[in-house]
Structures are given as structure tokens and as C-alpha cells.
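In what follows, a single structure is set out as C-alpha cells and then discussed.
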Amino acid sequence: MHTTSSSPAVSVRGLTKHYGDARVLDGVDLEIARGETYALLGPNGAGKSTAIEVLEGVRRASSGEVAVLGEHPLSASRAWRARIGIVAQATGDPGPYTPRELIGHIAKLYPSPRPVDEVLDLVGLAPHATTRATKLSGGQQRRLDVALGIVGRPELVFLDEPTTGFDPEARRQFWAMLDGLADEGAAVLLTTHYLDEAEHLADRVGVLSGGTIVTEAPPALLGGAEARTPVVSWRDADGVLREERSPTPGAVVERLMHESRRLGRPDGPDALEVRRPALEDIYLDLIGANGAER
Numbered sequence: 599m600h601t602t603s604s605s606p607a608v609s610v611r612g613l614t615k616h617y618g619d620a621r622v623l624d625g626v627d628l629e630i631a632r633g634e635t636y637a638l639l640g641p642n643g644a645g646k647s648t649a650i651e652v653l654e655g656v657r658r659a660s661s662g663e664v665a666v667l668g669e670h671p672l673s674a675s676r677a678w679r680a681r682i683g684i685v686a687q688a689t690g691d692p693g694p695y696t697p698r699e700l701i702g703h704i705a706k707l708y709p710s711p712r713p714v715d716e717v718l719d720l721v722g723l724a725p726h727a728t729t730r731a732t733k734l735s736g737g738q739q740r741r742l743d744v745a746l747g748i749v750g751r752p753e754l755v756f757l758d759e760p761t762t763g764f765d766p767e768a769r770r771q772f773w774a775m776l777d778g779l780a781d782e783g784a785a786v787l788l789t790t791h792y793l794d795e796a797e798h799l800a801d802r803v804g805v806l807s808g809g810t811i812v813t814e815a816p817p818a819l820l821g822g823a824e825a826r827t828p829v830v831s832w833r834d835a836d837g838v839l840r841e842e843r844s845p846t847p848g849a850v851v852e853r854l855m856h857e858s859r860r861l862g863r864p865d866g867p868d869a870l871e872v873r874r875p876a877l878e879d880i881y882l883d884l885i886g887a888n889g890a891e892r
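Heads up: the sequence shown at position 197 corresponds to 795 in the numbering used here, and the numbers run straight through without jumps.
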């Protein structure tokens with residue numbers, strides 16, 4: 599994380615959004631520092647896109663306090679718009695234009711945009727710069743969406759499921775590009791269904807479930823120490839699967855091996871395994887504990 603100012607890029611207190619009796623957001627508190635990459639995770643329908651749309655100023659909150667780069671999105675100045683970049687889940691018809699033409703057109707809306715060729719290289723579209731956007735593959739069109747979101751050198755970038763449709767190599771290239779944005783001091787709010795993406799990119803991860811952020815922490819600390827405790831699993835003499843959490847799994851394995859040798863089984867118990875919970879395991883436990891569908 600590369601902070602460039604003491605004031606946060608995003609500050610949200612008590613954010614709610616409801617449609618009739620349905621509360622999509624129910625008291626969201628969120629703060630993102632300048633230069634920080636924050637991943638907002640949650641199951642489908644949790645309200646991630648709604649929250650981002652409120653922060654972008656395209657949807658009105660029901661209640662709560664919202665400040666983005668020091669301004670309320672709904673009353674922000676035109677200059678404020680030039681300081682943010684948006685990569686939405688769905689974009690409009692690009693028309694009969696090429697990536698070079700589209701990026702060049704959007705670049706004119708900003709005071710100090712990136713050079714068009716630089717952006718094409720960053721998102722891996724240089725070989726397709728003069729291909730009509732409608733002829734691009736789904737993954738290439740998604741890269742074009744990202745290009746349009748970053749060409750203006752934004753101070754804050756909203757990325758809503760940005761790598762949908764990317765192959766593994768394209769995702770890795772995107773990660774490198776986003777690391778570069780962070781190095782330049784841009785704040786990033788990212789939603790993604792790829793847990794490895796959040797783990798690689800984010801300084802902090804927040805889990806949205808039941809309309810609120812139920813927990814947030816750096817990826818390595820999400821869920822607390824207990825959730826990260828290694829699990830030793832094995833099958834006992836009756837074939838029953840057993841599990842034991844322990845911060846010292848080696849000691850558990852040593853005990854099990856000793857017991858097995860005592861029972862005449864020098865190779866140890868069947869299916870003996872030490873597993874360290876991954877971010878995905880912890881995430882699924884968190885949303886499951888809050889009643890969300892997986």
C-alpha cells in the first residue's frame with residue numbers, strides 16, 4: 599500500500615439501501631486509504647455492486663454518510679469525476695470503433711491521461727488496437743473495459759469483477775498491471791469471485807454478507823487466528839474420519855504415529871493429512887456462519 603494523503607479515499611458510515619421491505623445494504627461501514635487496494639467479497643446478491651454504484655454516484659443510498667475523495671458522489675463536481683475510474687460488470691455497445699479510437703476518445707475527457715499506446719500495452723490489447731471492438735473476444739472486450747477505466751490516471755479505481763472472461767495468463771497480466779497502479783498511489787476497490795485474486799492483490803479484504811461487512815482484515819489474517827489454525831485429519835481404527843485443530847500440528851502427528859505404532863501399525867493412521875485453511879475455506883465459513891448461500 600502506498601498512501602499519499604491522510605484523508606481516506608473512501609469513507610462510509612451506516613450505509614443502507616433498501617427496495618421496499620428488502621434491505622440490500624444494512625449499515626455498511628467502510629474506509630479505504632489512499633493507495634490501498636481493498637477487495638470486497640460476498641456471495642451473489644450480497645450487495646457488492648449496489649455498494650459500488652452508491653460510491654460511484656450512480657445510485658442513491660437510503661441513508662448513511664458517504665465521502666469519496668472528499669466529496670459526496672451525488673453532488674460531486676465534474677473535476678471529481680475525472681479523478682475516478684470505473685470498470686463495471688456490464689458496459690454498453692462500443693459501436694463501430696477500435697480500441698485505439700475508444701481509448702483515445704475517453705482520454706480526451708481527462709486533464710492528464712495516459713498515452714493510448716501505453717494503455718493498450720498495459721491491458722494486452724496492442725495487437726488488437728485497430729480491430730473493431732465488436733470483433734473482440736469476450737476476454738478482450740473485458741480488457742478494453744479495464745483500459746477505459748484506467749486511461750485517465752484515476753486516484754481511485756472501481757473494479758467490479760474485472761477479470762471475468764480472462765484466461766489464467768491474462769489474469770496474471772492484469773494483476774501485474776494493478777500492482778503498477780498501486781505503486782503510483784491509486785486506491786482500488788475491487789470485487790471478485792476469484793479468492794486467489796483477492797489474496798494476491800488486496801491490502802485488506804472485507805466480506806459483505808447479510809447487508810453488512812461481517813469482517814475485514816489483511817488476507818493473511820482474515821477470520822482470526824483460530825480460522826488459520828492448521829487441521830490434522832485421519833481415519834481411526836474403525837475407519838471414522840477424525841479432525842483436530844492445533845497450532846502445533848507436528849505434535850499431533852507425532853502423537854498419532856506413536857499411538858499407531860503401539861497398536862501395531864508402524865505406517866501410522868490411514869489418510870493422515872495436515873491442512874492449512876486457504877482464504878477460500880475461511881471465506882466460505884464466514885458467509886456460511888452469517889446465513890448466506892454459498
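Here a beta-carbon is modelled for each residue, glycine too, at the ideal position from N, C-alpha and C.
How is residue i classed by DSSP in three states: helix, strand or coil?
i                 : result
leucine 861       : coil
glycine 618       : coil
tyrosine 636      : strand
phenylalanine 764 : coil
aspartate 883     : helix
glutamate 891     : Residue placement at glutamate 891 is poorly supported in this model, since its pLDDT is 46, which falls under 50; the coordinates still yield a value, given next. In this structure, glutamate 891 counts as coil in the three-state DSSP scheme.
valine 786        : strand
serine 647        : helix
arginine 802      : strand
leucine 742       : helix
serine 676        : Per the sequence shown, residue 676 should be read as arginine rather than serine. It is helical.
valine 851        : helix
arginine 770      : helix
threonine 601     : Legend: pLDDT at threonine 601 = 49, less than 50; position of this residue unreliable, value from coordinates given subsequently. Note: threonine 601 maps to coil in three-state DSSP.
serine 710        : coil
proline 641       : coil
threonine 732     : helix
leucine 723       : coil
Which one of the options has the shortest CA to CA distance from residue i?
i              : options                        : result
arginine 740   : Ala876, Ala705, Val803, Leu723 : Leu723
proline 725    : Pro697, Pro752, Val744         : Pro697
arginine 802   : Pro816, Ser735, Val851         : Pro816
valine 626     : Val851, Thr635, Leu788, Lys646 : Lys646
histidine 798  : Thr729, Tyr636, Gly848         : Tyr636
isoleucine 630 : Glu852, Val717, Ile650         : Ile650
glycine 612    : Gly809, Glu842, Val749, Ala620 : Gly809
glutamate 795  : Arg826, Glu759, Thr846, Pro875 : Glu759
serine 807     : Asp883, Glu782, Leu707         : Asp883
proline 641    : Gly778, Ala876, Gly747, Thr789 : Thr789
aspartate 879  : Pro847, Gly736, Pro828         : Pro828
glutamate 835  : Met855, Pro845, Ser844         : As written in the sequence, residue 835 is alanine, which differs from the glutamate given in the question. The shortest C-alpha separation from alanine 835 is found at Met855.
serine 735     : Glu716, Gly862, Ala768, Gly750 : Ala768
isoleucine 748 : Ala731, Gly763, Leu700, Arg859 : Leu700
tyrosine 881   : Leu639, Val622, Glu634, Asp619 : Leu639
alanine 800    : Trp773, Pro875, Ala876, Glu782 : Trp773
glycine 848    : Glu871, His791, Arg840, Glu663 : Glu871
valine 805     : Pro845, Thr762, Pro709, Ala644 : Ala644
threonine 732  : Val830, Ala869, Gly690         : Gly690
proline 692    : Val656, Arg676, Arg730         : Arg730
glutamate 716  : Arg658, Thr761, Asp765, Gly778 : Gly778
alanine 897    : Glu634, Arg712, Leu877         : The chain is shown from 599 up to 892; residue 897 falls before or after that span and cannot be answered.
proline 766    : Asp781, Arg632, Glu782, Gly737 : Gly737
To the nearest whole angstrom, what separates the beta carbons of residue i and residue j, a pair I think is in contact under 8 Å?
i              : j                 : result
isoleucine 811 : phenylalanine 756 : In fact, because the Cβ distance is near 17 Å, the residues do not count as touching under 8 Å.
alanine 705    : glutamate 753     : Actually they do not touch by this definition, with Cβ atoms about 16 Å apart.
tryptophan 832 : proline 867       : 4 Å
methionine 775 : valine 721        : 7 Å
serine 604     : alanine 665       : Not a contact, Cβ separation roughly 14 Å.
threonine 614  : serine 661        : 5 Å
alanine 680    : glycine 763       : Wrong, their Cβ atoms sit about 28 Å apart, outside the cutoff.
With hydrogens ignored, establish whether the beta-carbon of residue i is closer than 8 Å to any heavy atom of the ligand FMN.
i              : result
tryptophan 832 : As far as ligands go, the structure on display features none, and thus does not contain the ligand FMN.
The alpha helix (DSSP H) with residue i in it runs from where to where?
i            : result
glycine 837  : From DSSP, glycine 837 is part of no alpha helix (DSSP H); its letter is neither H nor E.
alanine 705  : 697–705
arginine 873 : No alpha helix (DSSP H) contains arginine 873, which is instead part of the beta strand (DSSP E) from 868–873.
leucine 718  : 714–720
Looking only at DSSP bridge pairs, what is residue i linked to?
i              : result
valine 610     : Leu628, Val664
glutamate 669  : Val666
leucine 623    : Lys615
serine 578     : This structure cannot settle anything about residue 578, because the visible part of the chain is limited to 599 through 892.
isoleucine 682 : Leu754
valine 830     : Glu842, Val872
Starting from residue i, follow the beta strand (DSSP E) in both directions and report where the run begins and ends.
i           : result
leucine 819 : Where leucine 819 is concerned, there is no enclosing beta strand (DSSP E), given that its DSSP letter is neither H nor E.
leucine 754 : 754–758
Consider the Cβ of residue i: report whether some Cβ of chain C lies at a distance smaller than 9 Å.
i            : result
arginine 611 : The chain inventory of the structure shown lacks chain C, comprising one protein chain alone.
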